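**Q**
In our numbering, the protein residues as written are 139 to 390.
1) Under the assumption that residue 210 contacts residue 266 (Cβ atoms under 8 angstroms), give the Cβ distance between them as a whole number of angstroms.
2) Which of the three DSSP states, helix, strand or coil, is assigned to residue 363?
3) On the three-state DSSP scale, how would you describe residue 216?
4) Going by Cα to Cα distance, which pick from 179, 339, 157 is closest to residue 276?
5) For residue 369, name the three-state secondary structure that DSSP assigns.
6) Counting pairs of Cβ atoms below 8 angstroms between the segment 170 to 188 and the segment 297 to 310, do you hit three or more?
7) So if DSSP puts residue 261 in a beta bridge, which residue, or which two residues, is it bridged to?
8) Buried or exposed: residue 197, going by 16 or more other Cβ atoms within 10 Å of its Cβ?
9) Which residues share a DSSP beta bridge with residue 305?
10) Exposed or buried, which one is residue 339 when buried takes at least 16 other CB atoms within 10 Å?
11) Output the distance between the C-alpha atoms of residue 348 and residue 146, rounded to the nearest integer angstrom.
12) Can you tell me the Cα-Cα spacing of residue 368 and residue 352, whole angstroms?
Take a look at the structure:
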């Protein structure tokens with residue numbers, strides 16, 4: 139039986155998720171023994187840029203027409219497309235300003251040459267093409283990538299936590315940074331899977347994994363306002379990695 143063909147791609151982003159894959163170290167040889175990686179620019183200069191793919195893993199956000207066209211081409215090549223990392227799944231940090239006046243923003247940053255840049259408001263992959271699987275994280279967890287490959291090889295979708303970071307925090311028996319210390323923490327609405335890495339070090343969650351499926355940002359907004367946080371500061375924090383995490387009416 140032939141091995142499934144795989145491509146790993148980066149749009150506009152930090153390439154941290156691709157680096158996580160390369161940092162699988164002990165497991166990497168086992169992974170490449172099971173799949174045929176045909177296109178992975180970060181790992182190889184010899185790539186088959188036109189071959190059909192069984193699986194395409196794409197990191198980064200769509201922030202230009204070039205990104206959009208490239209993503210559409212990848213989608214056409216792949217039977218299964220996986221959004222890799224928070225930027226790909228939710229838009230990430232690049233999407234913080236997508237409600238701003240784009241021409242004005244380009245002029246402020248680049249001056250007179252701003253209008254010549256190929257720049258569009260940042261979008262997650264699912265806003266441009268059909269996405270079959272999301273692996274969120276900033277960057278992704280190595281274990282989640284390995285689980286995805288293992289499950290896809292078996293014809294199943296991997297199962298990731300469907301509860302918030304707060305649950306992981308309680309499992310670790312941490313004192314609540316929001317309730318007990320009054321710190322602005324996004325743990326109640328952020329997807330778990332990081333083992334509450336930041337709160338476990340007494341650092342408030344910034345929501346880098348994007349919102350959990352049943353998140354209630356309006357409730358968190360009300361709680362934070364009761365504790366004296368400015369509404370705009372709350373909105374800025376909630377939308378840092380995912381515009382959808384901010385309650386309606388405070389996302390801009």
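Even glycine gets a Cβ: it sits at the ideal position worked out from N, Cα and C. Just so you know, these numbers come straight off a predicted model, no measurement behind them.
**A** Straight from the coordinates:
1) The residue you call residue 210 lines up with position 72 of the chain shown. The residue you call residue 266 lines up with position 128 of the chain shown. Confirmed, Cβ separation roughly 7 angstroms.
2) The count along the chain shown starts at 1 and reaches residue 363 at position 225. Three-state result, residue 363: helix.
3) The sequence position of residue 216 within the chain shown is 78, counting from 1. Three-state DSSP puts residue 216 in a strand.
4) Taking the first residue of the chain shown as position 1, residue 276 is located at position 138. Of the candidates 179, 339, 157, the one whose C-alpha sits nearest the C-alpha of residue 276 is 157.
5) Within the chain shown, numbered from 1, the residue matching residue 369 stands at position 231. It is helical.
6) no
7) The residue you call residue 261 lines up with position 123 of the chain shown. Bridge partners of residue 261: 200.
8) Your numbering for residue 197 matches position 59 in the chain shown. By the 10 Å Cβ count, residue 197 comes out buried.
9) As a first step, residue 305 is located in the chain shown; it is residue number 167 there, counting from the start. In DSSP, residue 305 forms no bridge with anything.
10) Locating residue 339 in the chain shown gives position 201, where the first residue counts as 1. When all chains shown are included, residue 339 counts as exposed.
11) For the purposes of this step, residue 348 is taken as residue 210 along the chain shown, with counting starting at 1. For the purposes of this step, residue 146 is taken as residue 8 along the chain shown, with counting starting at 1. Whole-angstrom Cα-Cα distance: 22 angstroms.
12) As a first step, residue 368 is located in the chain shown; it is residue number 230 there, counting from the start. As a first step, residue 352 is located in the chain shown; it is residue number 214 there, counting from the start. Rounded to whole angstroms, residue 368 to residue 352 spans 24 angstroms at the Cα level.
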